[in-house]
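Beneath this line is the structure, given in structure tokens, with notes to follow.
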């Protein structure tokens with residue numbers, strides 16, 4: 126079998142990069158992104174910020190491999206298999222040509238991140254290679270673990286955590302943010318053949334999959350979305366408890382992430398879930414305000 130065409134997400138360096146060069150490469154990937162997460166990294170000290178940029182770059186590149194429309198599904202599958210093998214080889218100490226690997230391996234080793242979490246994220250991207258139509262809340266929770274919960278577990282290793290509840294609350298945080306993304310991206314996900322709103326939820330509100338595919342904005346649709354938002358808010362309530370489980374250096378970044386995503390949820394609700402006709406965003410100035418106020422004295426932070 127001929128090898129799959131090389132994706133832009135799997136570039137090869139002419140020579141192995143130094144650790145400093147690799148972290149700089151990850152910084153550039155992060156800088157070019159439009160992610161809601163990017164600004165929150167500035168609340169961290171330099172070492173943890175670099176680690177988050179390396180982790181984010183891994184997640185970004187993994188997503189890009191799964192979404193590369195220039196490749197067939199089978200080619201994307203092969204690329205993800207190659208990505209897994211490259212990760213394992215790098216962690217085993219073998220030099221790899223990908224510019225991210227030195228920074229990623231250092232991050233995983235320094236913060237004792239289980240490699241299984243990164244493999245779980247790759248599995249989540251593989252789940253999106255084919256049309257998605259989730260049947261139940263249980264299926265949604267499983268999916269959310271792979272694409273968001275496992276990411277949260279990686280993050281708390283970088284931030285530092287204590288207590289027996291940190292893992293469960295990190296998973297709730299991942300669910301809350303992923304469910305918010307699902308609410309925002311209903312329209313664009315439909316265009317990709319992906320339906321993440323559980324069929325059982327839609328059915329309970331007398332809203333069919335055909336209605337959804339026709340983008341029918343009706344009272345049953347709004348009702349279903351309100352229930353989905355209610356479940357999302359319950360996860361945010363549990364996620365908020367994670368702050369006290371983190372070491373002090375990791376608390377500001379989580380606060381910024383929660384503020385940003387809860388604001389996004391509020392904007393979606395305020396728009397009455399009119400997500401078929403617009404992609405709702407949090408303005409950059411507001412994201413910057415969430416970051417900036419973490420540096421204010423405590424009594425001013427909730428202004």
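In this note's numbering, the protein residues as written are 126 to 428. From the three backbone atoms N, C-alpha and C, an ideal C-beta is built for every residue, glycine too. Since the model is a prediction, treat every value here as computed from it, not as a measurement.
Alpha carbon to alpha carbon, what distance is there between residue j and residue i?
i, j, result
"residue 345", "residue 162", "33 Å"
"residue 166", "residue 378", "7 Å"
"residue 402", "residue 309", "11 Å"
"residue 261", "residue 249", "17 Å"
"residue 420", "residue 152", "22 Å"
"residue 156", "residue 390", "24 Å"
"residue 315", "residue 387", "23 Å"
"residue 224", "residue 182", "11 Å"
"residue 285", "residue 417", "22 Å"
"residue 408", "residue 158", "15 Å"
"residue 264", "residue 275", "16 Å"
"residue 410", "residue 160", "14 Å"
"residue 246", "residue 273", "8 Å"
"residue 230", "residue 217", "9 Å"
What would DSSP say about residue i, mapped onto helix, strand or coil?
i, result
"residue 259", "coil"
"residue 148", "helix"
"residue 371", "strand"
"residue 399", "coil"
"residue 319", "strand"
"residue 162", "coil"
"residue 418", "helix"
With a threshold of 8 Å on Cβ separation, who are the neighbours of residue i within its own chain once the five nearest residues in sequence on each side are excluded?
i, result
"residue 86", "In the structure as shown, the chain begins at 126 and stops at 428. Residue 86 is therefore absent and cannot be evaluated."
"residue 424", "Low confidence applies here, because residue 424 scores a pLDDT of 43, under 50, leaving its location unreliable; read the following figure in that light. Contacts found: none."
"residue 191", "201, 205, 250, 251, 253, 254"
"residue 269", "299, 300, 303, 304"
"residue 198", "254, 255"
"residue 266", "300"
Within 10 Å of its beta-carbon, does residue i have 16 or more other beta-carbons around it, so buried, or fewer, so exposed?
i, result
"residue 227", "buried"
"residue 178", "buried"
"residue 323", "buried"
"residue 240", "exposed"
"residue 287", "exposed"
"residue 271", "buried"
"residue 375", "buried"
"residue 144", "exposed"
"residue 318", "exposed"
"residue 384", "buried"
"residue 340", "exposed"
Got a sec? Which residues, its chain only, sit under 6 Å from residue i by beta carbon, not counting five neighbours each side?
i, result
"residue 220", "141"
"residue 398", "347, 350"
Given residue i, which residues of its chain have a CB within under 7 Å of its CB, disregarding the five upstream and five downstream residues?
i, result
"residue 282", "236, 237, 238"
"residue 154", "182, 185"
"residue 277", "295, 296, 298, 299"
Original post:
Given 8 Å as the limit, is there contact between the region 353-367 and the region 292-305, that is, 3 or more CB pairs closer than that?
Top reply: yes
Original post:
Can we say the region 335-351 touches the region 318-327, given the rule of at least three CB pairs closer than 8 Å?
Top reply: yes
**OP:** Pair every Cβ in the region 168-187 with every Cβ in the region 372-387, then say whether three or more of these pairs are closer than 8 Å.
**Re:** yes
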